[in-house]
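Residue numbers (my numbering), protein chains in the order written: chain Z, 1055 to 1302; chain W, 165 to 248.
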């Protein structure tokens, strides 16, 4: 088969408290039906890498959306809004979950949608993915890429913005969970990944964890020294396979 | 991993960015994933006007940051000696 085209555009979703939020949306060419994926960006912001990942998923057959978590700090450029969000101590978990719900609703409302919606995130977005997958109904598959602070060893790290350790919400998780981690990562550390896996097992959840030697944090980041080509390529393949299994 | 740890300090001075010169009143300093620099982690300094308006931003390696600290201290020492 030849390559398939796609469209990518800025759209508006309805998030927490009815707020209108910018989002980047890419979908494969054609009438579908296509499964949907909400991609939650990492803490440095709604950046080029995020847009590339959205398009990568569209290229592989998924209608993917990534909304701007820091939209409420605007107007401004994504990097300036990321700085404002950091200065304020980050975004509130409740807002994040409600915004993700809005992004999921957007995907399901599209005429090309097959009705299935997955979720994924990198770094802090991995934590947000775990959190939202535990708190929202209607998540069909979730991918946590090295989400830090899912396991919180030091309770003083809990803040008004992030008042819970997402691992504690594991009994509520309804979606199958794929986890990708680097064994040289410090947050999450291999021990924390073990703790998280033990919790998922204890709660009888469907999960698939992969730990990569020779990789640390953010090993998908092709524009950073952390990039590990072999591990990243394998990780992406595992994501496509996982989503095809659970999203159709 | 993103830490959210930010050191904030009040400063008195000016900075020049895309919009020209303006007063700056604070510096926000953190070591985390950068937005632009090709580094896994960067020492970032946001020179602020008020608590929310960033006038100038820099991202640099840890080695660069330590060298810059040494340069600042050396410049202060020699300059204050020269100018009393």
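In this text, a Cβ means the ideal position worked out from N, Cα and C, and glycines have one as well.
Would residue 1162 of chain Z pass as a contact of residue 1090 of chain Z if the rule is Cβ separation under 8 angstroms? yes
What separation, rounded to the nearest whole angstrom, lies between the Cα atoms of residue 236 of chain W and residue 216 of chain W? 26 angstroms
Got a sec, what are the start and stop residues for the beta strand (DSSP E) residue 177 of chain W sits in? 171-181
Distance cutoff 8 angstroms, beta carbons only. Does residue 1136 of chain Z sit that close to anything in chain W? yes
Please tell me whether residue 199 of chain W has its Cβ less than 8 angstroms away from any Cβ of chain Z. yes
Am I right that residue 1187 of chain Z and residue 1231 of chain Z are in contact with their C-beta atoms under 8 angstroms? What's the rounded C-beta distance? 7 angstroms
Using the rule of at least 16 other Cβ atoms within 10 Å of the residue's Cβ for burial, across every protein chain shown, is residue 1285 of chain Z buried or exposed? buried
Got a sec: which bits of the region 174-208 of chain W sit with their beta carbon under 8 angstroms from any beta carbon on chain Z, in order along the chain? 192, 194, 196, 197, 198, 199, 200, 202, 203 and 204
Could you check whether the Cβ of residue 1071 of chain Z sits closer than 7 angstroms to any heavy atom belonging to the ligand COA? Ligands are entirely absent from the displayed structure, and the ligand COA is therefore not among its contents.
Based on Cα-Cα distance, which residue from Z/1236, Z/1290, Z/1287 and Z/1225 lies nearest to residue 1260 of chain Z? Z/1225
Any chain Z beta carbon closer than 8 angstroms to residue 221 of chain W: yes
For chain W, find out if any of its Cβ atoms is closer than 8 angstroms to the Cβ of residue 1120 of chain Z; answer yes or no. no
What are the start and end residues of each continuous alpha helix (DSSP H) run of 4 or more residues lying completely inside the region 1172-1217 of chain Z, in chain order? 1178-1189
Between residue 228 of chain W and residue 206 of chain W, what straight-line distance do the alpha-carbon atoms span, to the nearest angstrom? 9 angstroms
Cutting at 6 angstroms between CB atoms, please list the residues of its own chain near residue 211 of chain W, excluding the five before and the five after it. 179, 188, 191, 219 and 220
Please classify residue 1104 of chain Z as buried or exposed, where buried requires at least 16 neighbouring CB atoms within 10 angstroms. buried
So which residues of chain W does residue 1277 of chain Z contact, with C-beta pairs closer than 9 angstroms? 202
Residue 1099 of chain Z versus chain W: which residues are under 9 angstroms apart at the beta carbon? 199
Taking 8 angstroms as the threshold (beta carbon to beta carbon), is residue 1140 of chain Z in contact with chain W? yes
Using CA atoms only, rank isn't needed, just tell me which of Z/1108, Z/1087 and Z/1243 is closest to residue 1064 of chain Z. Z/1108
Have a look at residue 120 of chain W and residue 1235 of chain Z and give me their C-alpha separation to the nearest angstrom. With chain W running from 165 to 248 in the structure shown, residue 120 of chain W is simply not present.
When you compare only the Cα positions, how much space is there between residue 1198 of chain Z and residue 195 of chain W? 24 angstroms
Check the Cβ-Cβ distances between residue 1272 of chain Z and every residue of chain W, and say whether any is below 8 angstroms. yes
Does residue 1133 of chain Z come within less than 8 angstroms of chain W when only Cβ atoms are used? yes
By the criterion of Cβ-Cβ separation under 7 angstroms, what are the contact partners of residue 1280 of chain Z in chain W? 204
Check whether chain W comes within 8 angstroms of residue 1258 of chain Z, counting only Cβ atoms and requiring the distance to be less than that. no
Neighbourhood of residue 1182 of chain Z by C-beta, 6 angstroms cutoff - its chain only, sequence neighbours within 5 removed: 1094, 1150 and 1175
Show which residues of chain W have a CB atom less than 9 angstroms away from the CB atom of residue 1289 of chain Z. What residue 1289 of chain Z touches in chain W: nothing, since even the nearest Cβ is about 17 angstroms away.
In chain order, each alpha helix (DSSP H) run of at least 4 residues that lies wholly inside the region 1234-1296 of chain Z: 1244-1256
Could you work out which residue in Z/1298, Z/1141 and Z/1219 is closest to residue 1201 of chain Z when comparing CA atoms only? Z/1219
Applying the 10 Å Cβ sphere with the 16-neighbour rule, what's the burial state of residue 245 of chain W? exposed
Using a Cβ-Cβ distance under 8 angstroms, would residue 1175 of chain Z count as near chain W? no
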